Amino acid sequence: MVLPAGPNARPFDDDPLFGDAAPPPAPRPGGIAARALGGGGRDPAYLEGLNPEQRRAVETVDGPVLVLAGAGTGKTRVLTTRIAHIIATGRAAPHQILAVTFTNKAAREMRHRISALVGGTVEGMGWLGTFHSIGTKILRRNAELVGLKSDFTILDTDDQLRLMKQIIQAENLDEKRWPARQLAALIDTWKNRGLTPDKVPASEGRGFANGRGQELYAAYQDRLKVLNAVDFGDLLVEPIRLFRTHPDVLADYQRRFRYMLVDEYQDTNVAQYLWLRLLAQSNPNICCVGDDDQSIYGWRGAEVDNILRFEHDFPGAAVIRLERNYRSTAPILAAASHLIAHNEGRLGKTLFTDRRDPEAALVTVASSWDSNEEARAIGDEIESLQRKGHKLDEIAILMRASFQMREFEDRFVTLGLPYRVVGGPRFYERMEIRDALAYFRATVQPADDLAFERIVNTPKRGLGEATIKLCHDTARARRIPLMAAAADLIDTEEIKPKARATLRDLLGAFAHWRADLDTRPHHELAETILDESGYTEMWRQDRSADAPGRLENLKELIRSMQDFESMTSFLEHVSLVMDAESDANQDAVTLMTLHGAKGLEFDTVFLPGWEEGLFPHQRSLDEGGRAGLEEERRLAYVGLTRARKRAYVWFASNRRVHGMWQTSVPSRFLDELPEDHVNVRESGGAGGYGGYGASRFDRSDSFGSRYTTPGWERARERTRDASGGPRPMSAPAARLRSGGATIEGELVAKSVVDGGSDFTVGARVFHQKFGNGSVAVVDGNKLTVDFDKAGRKKVLDSFVERL
DNA sequence: GGATCTTTACTTTTT
DNA sequence: GTAAAGATCC
Numbered sequence: 001m002v003l004p005a006g007p008n009a010r011p012f013d014d015d016p017l018f019g020d021a022a023p024p025p026a027p028r029p030g031g032i033a034a035r036a037l038g039g040g041g042r043d044p045a046y047l048e049g050l051n052p053e054q055r056r057a058v059e060t061v062d063g064p065v066l067v068l069a070g071a072g073t074g075k076t077r078v079l080t081t082r083i084a085h086i087i088a089t090g091r092a093a094p095h096q097i098l099a100v101t102f103t104n105k106a107a108r109e110m111r112h113r114i115s116a117l118v119g120g121t122v123e124g125m126g127w128l129g130t131f132h133s134i135g136t137k138i139l140r141r142n143a144e145l146v147g148l149k150s151d152f153t154i155l156d157t158d159d160q161l162r163l164m165k166q167i168i169q170a171e172n173l174d175e176k177r178w179p180a181r182q183l184a185a186l187i188d189t190w191k192n193r194g195l196t197p198d199k200v201p202a203s204e205g206r207g208f209a210n211g212r213g214q215e216l217y218a219a220y221q222d223r224l225k226v227l228n229a230v231d232f233g234d235l236l237v238e239p240i241r242l243f244r245t246h247p248d249v250l251a252d253y254q255r256r257f258r259y260m261l262v263d264e265y266q267d268t269n270v271a272q273y274l275w276l277r278l279l280a281q282s283n284p285n286i287c288c289v290g291d292d293d294q295s296i297y298g299w300r301g302a303e304v305d306n307i308l309r310f311e312h313d314f315p316g317a318a319v320i321r322l323e324r325n326y327r328s329t330a331p332i333l334a335a336a337s338h339l340i341a342h343n344e345g346r347l348g349k350t351l352f353t354d355r356r357d358p359e360a361a362l363v364t365v366a367s368s369w370d371s372n373e374e375a376r377a378i379g380d381e382i383e384s385l386q387r388k389g390h391k392l393d394e395i396a397i398l399m400r401a402s403f404q405m406r407e408f409e410d411r412f413v414t415l416g417l418p419y420r421v422v423g424g425p426r427f428y429e430r431m432e433i434r435d436a437l438a439y440f441r442a443t444v445q446p447a448d449d450l451a452f453e454r455i456v457n458t459p460k461r462g463l464g465e466a467t468i469k470l471c472h473d474t475a476r477a478r479r480i481p482l483m484a485a486a487a488d489l490i491d492t493e494e495i496k497p498k499a500r501a502t503l504r505d506l507l508g509a510f511a512h513w514r515a516d517l518d519t520r521p522h523h524e525l526a527e528t529i530l531d532e533s534g535y536t537e538m539w540r541q542d543r544s545a546d547a548p549g550r551l552e553n554l555k556e557l558i559r560s561m562q563d564f565e566s567m568t569s570f571l572e573h574v575s576l577v578m579d580a581e582s583d584a585n586q587d588a589v590t591l592m593t594l595h596g597a598k599g600l601e602f603d604t605v606f607l608p609g610w611e612e613g614l615f616p617h618q619r620s621l622d623e624g625g626r627a628g629l630e631e632e633r634r635l636a637y638v639g640l641t642r643a644r645k646r647a648y649v650w651f652a653s654n655r656r657v658h659g660m661w662q663t664s665v666p667s668r669f670l671d672e673l674p675e676d677h678v679n680v681r682e683s684g685g686a687g688g689y690g691g692y693g694a695s696r697f698d699r700s701d702s703f704g705s706r707y708t709t710p711g712w713e714r715a716r717e718r719t720r721d722a723s724g725g726p727r728p729m730s731a732p733a734a735r736l737r738s739g740g741a742t743i744e745g746e747l748v749a750k751s752v753v754d755g756g757s758d759f760t761v762g763a764r765v766f767h768q769k770f771g772n773g774s775v776a777v778v779d780g781n782k783l784t785v786d787f788d789k790a791g792r793k794k795v796l797d798s799f800v801e802r803l
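Counted the way full-length UniProt numbering counts, the first sequence spans residues 1 to 803.
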């Protein structure tokens, strides 16, 4: 969190920057700390009710501490109480504590709970926030030292992509062959590891654009500096660079942060680790809280290693395990623990509970004939729970992939069962919101080229490609922002008169809005901008079904702006906090991905789609090997441990994969659940895996002769591979050659169709869509075929049959 | 500049 | 099978 939403929201909070490194004063009588301390010699109120381990985690304040907090063991409580304790005992003032989280939500929650603990609002916890928001704050204060101005813009993924596309074009590379998204992903992996362009190992830049990856990265960083912009990765990498190149600045921050706390340490990437290491160098009062068993973000750069290596990195670290679970029933815990015990690379914890509940339901395992029926069965189950008086709010369906949601939504709509989808496109990512924001950005920041470009011709005002290209060329040649270039051009004969007039009007409008920035209330100005630019009108004219909703969103946007002090502070908030409060307070079932469910809990949890290929996901196995499988297993563990009272694991015998129905094999994770705590419900449906309970879906049988398609052969090999032998390739390396899978797929498919021999020019072939034809050119597995009816087409050989 | 056809991907996603 | 993005055509 960067900015508290409220009238006092400001881009900088002005607690004294440096020079306050002297020991903080003792708790002021009647102050927050004193109140929290409570009276007399008794333990302060906030320590009451902590179990011995939690208490140790709170009170071991000095030196490095690793708190291994299993699911539902009171992690957040420990973290917040620890902060309260540090403040209450006068060890540090609130602004001398650095507390980092991963999400804004977590930061908000923490702030909230600390306030509750000390009985009032905590003032001055200016350094409680996400890695990114704290990074931003540090950068804004020292922007000049890394070649930025303090009002730099933060680009989102969309802007990044457009920028990279421009760079790829400028380098005359084939956009098809070297797509911007791939470059973005590559640069992202580098930034995740804290690598600046000069530090990228030469071998890694080779994979992209004939070895020019590194060069493009450098070009991209260069462009960012010209635009006075950073991307999300820079919010981590640039502070590191700052600390390394300016030891004095680093020393100041080291002095400032007397105590450091890190939430969800298992999710930190290398860059975040380096960042923390630098800050903790001189003063190792660092407390990291995490759970290696819940590390599920390896695919976006998280290093479980960070948590596994903690004791090594911070010598003398105290390691405290929180294993007493306050959330789930014994059978659910048993199921989760038994499952996760199949992972090898873990620090090892065993959750337990004291609660003895003879009524506790076993974990239910059930199956359905296909995914359709799965949705139907779960829907029925939920309705029956509802009839028994269970609240829908306390029921969640957690799935591996978001495409699974569709069938549940369809079913629930027919049933009239209220549901809510968590995740999906977020408020600030919607097109109309991004357009509106682009208008605001271009108003506040005339140099924001990406914003300007986004809306020059939205709504359509006849400023086409040609005009924009001209502006671009001028801007690039003279190294000035687009808007400045446009301003110069309207005084020349370069542009056609009509476009010239339009452009002049547009620039005039921006100038006029900009002049009003300081005098008019920003939300009012925002409304004016959208009206005068014709943007609101554009959606009013739009006859499509979602237009009214979009107008509604725009209204909501203006409304939410009122909570901020200025346009600038609002924009800052938006770029870092890409979510808006969801309003839905209706009692409804929650649908979300397993990833989205981390940190949440529900009375009843449904876990559908436990099938090989989907969960564990084939791609995780393909690209991550054993490590990938273990991460999938952790995901299953996260899913199970979300449940307080009831967990239902489900699988379907048939599921549509890429549009084709495929028979599926029950997930290996089902076999890893403990028999004693599981209740296998006989499939009521049409046969299929009727004998599930008896044979426990013996895999060698399932993978028998029935599955002879190449895909299954492959899946089978992978299964063996992933569960047994070592997989040499690291996940990032595998990701780099993401094209590989497709190519491999083609090859496999090909070998089936043509039986291993190549097509020859002149051969007669048949194609499903184009009919008969003769081969004209053979290029590897790509054929150019002259079809009798459809004419000349390029096709993959796997799609034609020899006649 | 807009409509229509074609291509492509299709796990997870925060900041 | 489907949806979105891109390319091509008018």
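Virtual Cβ for every residue (Gly too), placed ideally from N, Cα, C. Owing to the predicted nature of the structure, the values given are computational and were not obtained by experimental measurement.
Handout entry: Proximity winner among LEU183, THR536, LYS349, ASN142, relative to ARG162 (alpha-carbon distances)
Key = Within the first sequence, the letter at position 162 stands for residue 162. Of the candidates LEU183, THR536, LYS349, ASN142, the one whose C-alpha sits nearest the C-alpha of ARG162 is LEU183.
Handout entry: Rounded separation between ASP754 and ALA185 - CA only
Key = What you label residue 754 is simply residue 754 of the first sequence in a count that begins at 1. What you label residue 185 is simply residue 185 of the first sequence in a count that begins at 1. Reliability of the predicted coordinates at ASP754 is poor, the pLDDT of 31 falling under 50, and the value obtained from them is presented with this limitation in mind. Taking the straight line joining both Cα atoms gives about 36 Å.
Problem - For GLY462, the nearest candidate out of ALA501, ALA447, ILE433, ALA477 (CA to CA) - result: Indexing the first sequence from 1 puts residue 462 at position 462. Ranking the options by Cα distance to GLY462, first place goes to ALA501.
Exercise for the section: Please determine, among ASP587, ALA438, ALA401, the residue with the shortest C-alpha to C-alpha distance to ARG619. Expected result: Your numbering for residue 619 matches position 619 in the first sequence. Considering only alpha carbons, the answer is ALA401.
Exercise for the section: Indicate the three-state DSSP secondary structure (helix, strand or coil) for VAL649 in the structure shown. Expected result: Stepping through the first sequence from its first residue, residue 649 is reached at position 649. Reduced to three states, the DSSP call for VAL649 is strand.
Handout entry: Uninterrupted beta strand (DSSP E) stretches inside the region 487–527 (no shorter than 3 residues)
Key = Entirely contained in the region 487–527, not one beta strand (DSSP E) run reaches 3 residues.
Handout entry: Rounded C-alpha distance that separates ARG478 from ASP448
Key = Position 478 of the first sequence, counted from the start, is the residue given in the question as residue 478. Position 448 of the first sequence, counted from the start, is the residue given in the question as residue 448. Taking the straight line from one Cα to the other gives about 16 Å.
Handout entry: Close Cβ partners of ILE86 (< 7 Å) along its chain, the five nearest in sequence each way excluded
Key = One-based indexing of the first sequence puts residue 86 at position 86. Once the five neighbours on either side are set aside, the close Cβ partners of ILE86 are VAL61, ALA92, ILE97, TYR259.
Practice task
Measure the alpha-carbon distance for ASN306 versus VAL122 and round it to whole angstroms.
Solution key: As a first step, residue 306 is located in the first sequence; it is residue number 306 there, counting from the start. As a first step, residue 122 is located in the first sequence; it is residue number 122 there, counting from the start. Rounded to whole angstroms, ASN306 to VAL122 spans 31 Å at the Cα level.
Practice task
Would you list the one or two residues that DSSP bridges to SER367?
Solution key: Locating residue 367 in the first sequence gives position 367, where the first residue counts as 1. According to DSSP, SER367 bridges with PHE651.
Practice task
Use the C-beta contact count for VAL58: other C-beta atoms within 10 angstroms, 16 or more gives buried, fewer gives exposed.
Solution key: Here the question's residue 58 lines up with position 58 in the first sequence. Per the 10 Å Cβ criterion, buried.
Handout entry: Local Cβ density within 10 Å of VAL319, reported as buried at 16 or more and exposed below that
Key = To locate residue 319, count along the first sequence from 1; it is residue 319. The residue is exposed, with fewer than 16 neighbouring Cβ atoms inside 10 Å.
Exercise for the section: Check TYR326 in the structure and name its three-state DSSP category. Expected result: Taking the first residue of the first sequence as position 1, residue 326 is located at position 326. DSSP places TYR326 in coil when its eight states are reduced to three.
Handout entry: Terminal residues of the beta strand (DSSP E) in which TYR439 lies
Key = Working through the first sequence from its first residue, we reach residue 439 at position 439. Run containing TYR439: none in the beta strand (DSSP E); it sits in the alpha helix (DSSP H), 431–444.
Practice task
Can you check DSSP and say which residues form a bridge with HIS617?
Solution key: Walking along the first sequence from the start, residue 617 turns up at place 617. Answer by DSSP bridge pairing, in chain order: GLY613, LEU614.
Handout entry: Chain-order list of residues whose beta-carbon lies under 8 Å from that of ILE743 (same chain, five-residue window excluded)
Key = On the first sequence, residue 743 is found 743 positions in, with the first residue counted as 1. Residue confidence for ILE743 is low, a pLDDT of 22 falling below 50, so the modelled location carries little weight; the figure read from the coordinates is stated next. Around ILE743: no qualifying Cβ.
Exercise for the section: Quick one: which unbroken alpha helix (DSSP H) runs of 4-plus residues sit fully inside the region 76–152? Chain order, please. Expected result: 104–118, 131–141
Practice task
Look at the Cβ atom of VAL443, then the Cβ atom of ILE340, and state whether they are nearer than 8 Å.
Solution key: Here residue 443 refers to the residue found at position 443 when the first sequence is read from its first residue. Here residue 340 refers to the residue found at position 340 when the first sequence is read from its first residue. Reading off the sequence shown, one finds Thr at residue 443, where the question assumed Val. No, Cβ-Cβ distance for THR443 and ILE340 is not below 8 Å.
Problem - Bridge partner(s) assigned by DSSP for LEU398 - result: Translated into the one-based positions of the first sequence, residue 398 becomes position 398. In the DSSP output, where bridge partners are listed per residue, LEU398 has MET592.
Handout entry: Sufficient close CB pairs (3 or more, under 8 Å) joining the region 605–616 to the region 663–680
Key = yes
Exercise for the section: Please determine, among VAL680, ALA647, HIS658, ALA763, the residue with the shortest C-alpha to C-alpha distance to LEU333. Expected result: Your numbering for residue 333 matches position 333 in the first sequence. Ranking VAL680, ALA647, HIS658, ALA763 by Cα distance to LEU333 puts ALA647 first.
Exercise for the section: With a 10 Å radius around its C-beta and 16 neighbouring C-beta atoms as the bar for buried, classify TYR220 as buried or exposed. Expected result: As a first step, residue 220 is located in the first sequence; it is residue number 220 there, counting from the start. That one is buried.
Handout entry: Residues near ASN142 by beta carbon distance below 7 Å, same chain, minus five either side
Key = Taking the first sequence and counting its residues from 1, the one referred to as residue 142 is at position 142. Excluding sequence neighbours, ASN142 sits near LEU242, VAL249.
Problem - Buried or exposed by the 16-neighbour rule on C-beta atoms within 10 Å, applied to THR268 - result: Translated into positions along the first sequence, residue 268 becomes position 268. Looking at its Cβ environment, which holds 16 or more other Cβ atoms inside 10 Å, THR268 is buried.
Practice task
Go ahead and pull the three-state DSSP assignment for ARG656.
Solution key: As a first step, residue 656 must be located in the first sequence, where it is residue number 656. Strand.
Exercise for the section: Consult DSSP for residue 804 and reduce its assignment to one of helix, strand or coil. Expected result: The requested residue 804 does not occur in the structure, where the chain is confined to residues 1 to 803.
Practice task
Please classify GLN214: does DSSP put it in a helix, a strand, or coil?
Solution key: In the first sequence, the residue the question calls residue 214 occupies position 214. Residue state, collapsed to three classes: helix.
Exercise for the section: Whole angstroms is fine: what's the gap from LYS191's alpha carbon to LEU50's? Expected result: Here residue 191 corresponds to residue number 191 of the first sequence, with the count starting at 1. Here residue 50 corresponds to residue number 50 of the first sequence, with the count starting at 1. Approximately 40 Å, taken between the alpha carbons.
Problem - Given 8 Å, three or more beta-carbon pairs between the region 597–605 and the region 390–398 - result: yes
Exercise for the section: State the start and end residues of the unbroken beta strand (DSSP E) segment that holds ASP448. Expected result: By one-based count along the first sequence, residue 448 stands at place 448. For ASP448, there is no enclosing beta strand (DSSP E), since its DSSP letter is neither H nor E.
Handout entry: Own chain, CB closer than 7 Å to LYS391, minus 5 neighbours either side, in chain order
Key = Numbered from its first residue, the first sequence carries residue 391 at position 391. For LYS391, where only same-chain residues beyond five positions count, the Cβ hits under 7 Å are ASP587.
Exercise for the section: List the endpoints of the continuous beta strand (DSSP E) containing LEU607. Expected result: Position 607 of the first sequence, counting from 1, holds the residue named residue 607. Its beta strand (DSSP E) spans residues 602–607.
Handout entry: At least three beta-carbon pairs within less than 8 Å, the region 564–574 to the region 269–276
Key = No: fewer than three Cβ pairs fall under 8 Å.
Problem - Environment of GLY687 [buried if 16+ CB atoms lie within 10 Å] - result: For the purposes of this step, residue 687 is taken as the residue at position 687 of the first sequence. Only weak support is given to the placement of GLY687: the predicted model assigns it a pLDDT of 39, under 50, and the value that follows is read from those uncertain coordinates. GLY687 comes out exposed.
Exercise for the section: Give me the Cα-Cα distance between LYS137 and LEU670, rounded to the nearest whole angstrom. Expected result: What you label residue 137 is simply residue 137 of the first sequence in a count that begins at 1. What you label residue 670 is simply residue 670 of the first sequence in a count that begins at 1. Between LYS137 and LEU670, the C-alpha separation is close to 46 Å.
Problem - Inter-residue Cα distance where the pair is TRP650 and SER368 - result: Taking the first sequence and counting its residues from 1, one reaches residue 650 at position 650. Taking the first sequence and counting its residues from 1, one reaches residue 368 at position 368. Near 8 Å, if we compare the C-alpha coordinates of SER368 and TRP650.
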